[in-house]
Amino acid sequence: MIKNPNLTLAGADLAALLCSRVCHDVISPVGAINNGLELLDEGGADEDAMDLIRASALNASVRLKFARLAFGASGSVGASIDTGEAEKAVKDFAEAEKKTTVTWNGPRAIIAKNRVKLLMNLFLVAYGSIPRGGSLDVVLENPEYDAKFSIVAKGRMLRVPPKFAEICDGILEESIDAHTIQPYYTVLLADESGMELKYSIGEGEIVFTAQTAAVDAPDAEPSAE
820 MIKNPNLTLA
830 GADLAALLCS
840 RVCHDVISPV
850 GAINNGLELL
860 DEGGADEDAM
870 DLIRASALNA
880 SVRLKFARLA
890 FGASGSVGAS
900 IDTGEAEKAV
910 KDFAEAEKKT
920 TVTWNGPRAI
930 IAKNRVKLLM
940 NLFLVAYGSI
950 PRGGSLDVVL
960 ENPEYDAKFS
970 IVAKGRMLRV
980 PPKFAEICDG
990 ILEESIDAHT
1000 IQPYYTVLLA
1010 DESGMELKYS
1020 IGEGEIVFTA
1030 QTAAVDAPDA
1040 EPSAE
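At position 183 of the sequence shown (counting the first as 1) the number is 1002 in this note's numbering, and the numbers step up by one without a gap.
Quick look at the structure:
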């Protein structure tokens, strides 16, 4: 059984930090909507204000739908989720951000909720590895059984998000806060899903993978003399 020594947050602290993360993600587009409404109230350029409101409302909606799948319950405990929902949420997220292209390959399947959440959170980690934009290639292999998810990130100024690397490698030195809860949650989901996280840095790309961990065979019973 995988067990990362950094996974020490109590449930209440985890919930509070995830809520803070979601609020951080949506406060900017919601604030922009408010700015657009203020422009209208002041008799500003109506079309410019409406464009701002439309774009910001779409951004907020996309982020909330993504967060519902990536962080929320999304059904009862132990429920399964269609990977097609994750694909749509990921592509809508990237389209709204307008700086990254996404390809998605692999069979569509209904799989354990935590595996879908892991896939979406690994996408966020990969997205964070290309701060200037680029491309993300998502591949699902055998998602219903011995699953393997891989995301290839390509873009300028590539770098593995530092906190993800620290938590993943078991060498975290500072406490978790609202800015670092997402990579922490990614590693936690992998642990709870029985999947092993890895990343490799190549020429012009970073590959992030989550693969079902091999189960050690039990030691054979000694034969009776």
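Idealized CB from N, CA, C, for every residue including glycine.
Quantities reported herein were computed from a predicted structural model and do not represent experimental measurements.
C-alpha gap between residue i and residue j, whole angstroms
{"i": "T1031", "j": "L955", "result": "21 angstroms"}
{"i": "S948", "j": "L977", "result": "6 angstroms"}
{"i": "G830", "j": "L836", "result": "10 angstroms"}
{"i": "L883", "j": "A834", "result": "16 angstroms"}
{"i": "I1020", "j": "L856", "result": "45 angstroms"}
{"i": "T919", "j": "V971", "result": "12 angstroms"}
{"i": "N961", "j": "V935", "result": "13 angstroms"}
{"i": "K1017", "j": "F983", "result": "10 angstroms"}
{"i": "I846", "j": "E993", "result": "26 angstroms"}
{"i": "S1042", "j": "A966", "result": "Reliability of the predicted coordinates at S1042 is poor, the pLDDT of 45 falling under 50, and the value obtained from them is presented with this limitation in mind. The straight-line gap from Cα to Cα measures roughly 36 angstroms."}
{"i": "A931", "j": "G1013", "result": "11 angstroms"}
{"i": "M869", "j": "E861", "result": "13 angstroms"}
{"i": "D832", "j": "I986", "result": "17 angstroms"}
{"i": "I852", "j": "D865", "result": "13 angstroms"}
Under the three-state DSSP convention, the category residue i falls into
{"i": "S969", "result": "strand"}
{"i": "Y900", "result": "According to the sequence provided, residue 900 is Ile. The question's Tyr does not apply to it. Strand."}
{"i": "D996", "result": "coil"}
{"i": "I990", "result": "coil"}
{"i": "V979", "result": "coil"}
{"i": "N854", "result": "helix"}
{"i": "S1019", "result": "strand"}
{"i": "G947", "result": "helix"}
{"i": "E960", "result": "strand"}
{"i": "L955", "result": "strand"}
{"i": "G974", "result": "strand"}
{"i": "F912", "result": "helix"}
{"i": "T1031", "result": "strand"}
{"i": "T1005", "result": "helix"}
{"i": "A931", "result": "strand"}
{"i": "L888", "result": "helix"}
{"i": "E985", "result": "helix"}
{"i": "N924", "result": "strand"}
{"i": "E866", "result": "helix"}
Beta-carbon spacing of residue i, residue j below 9 angstroms
{"i": "F885", "j": "V944", "result": "no"}
{"i": "F890", "j": "V841", "result": "yes"}
{"i": "V1047", "j": "A908", "result": "In the structure as shown, the chain starts at 820 and stops at 1044, and residue 1047 therefore has no counterpart that could be examined."}
{"i": "G953", "j": "K973", "result": "yes"}
{"i": "A1029", "j": "L937", "result": "yes"}
{"i": "V805", "j": "F968", "result": "There is no way to answer for residue 805, as the model of the chain reaches only from 820 to 1044."}
{"i": "A915", "j": "N878", "result": "yes"}
{"i": "D1010", "j": "N823", "result": "yes"}
{"i": "L858", "j": "D844", "result": "no"}
Residue from the options with nearest C-alpha to residue i
{"i": "E963", "options": "N940, E992, N933", "result": "N933"}
{"i": "M939", "options": "G862, K910, A851, D865", "result": "K910"}
{"i": "L888", "options": "E1015, F942, C987, L826", "result": "F942"}
{"i": "R975", "options": "E1011, I929, P981, E1024", "result": "E1024"}
{"i": "H998", "options": "P981, C987, D1010", "result": "P981"}
9 angstroms Cβ cutoff, residue i in contact with chain B
{"i": "K1017", "result": "Absent from the structure: chain B. Only one protein chain is present."}
Cβ pair count under 8 angstroms reaching 3, the region 897-910 against the region 854-873:
These segments do not touch.
When you compare the region 1001-1011 with the region 922-931, are there three or more beta-carbon pairs, one atom per stretch, that lie closer than 8 angstroms?
In short, these stretches do not touch, since the Cβ pair count stays below three.
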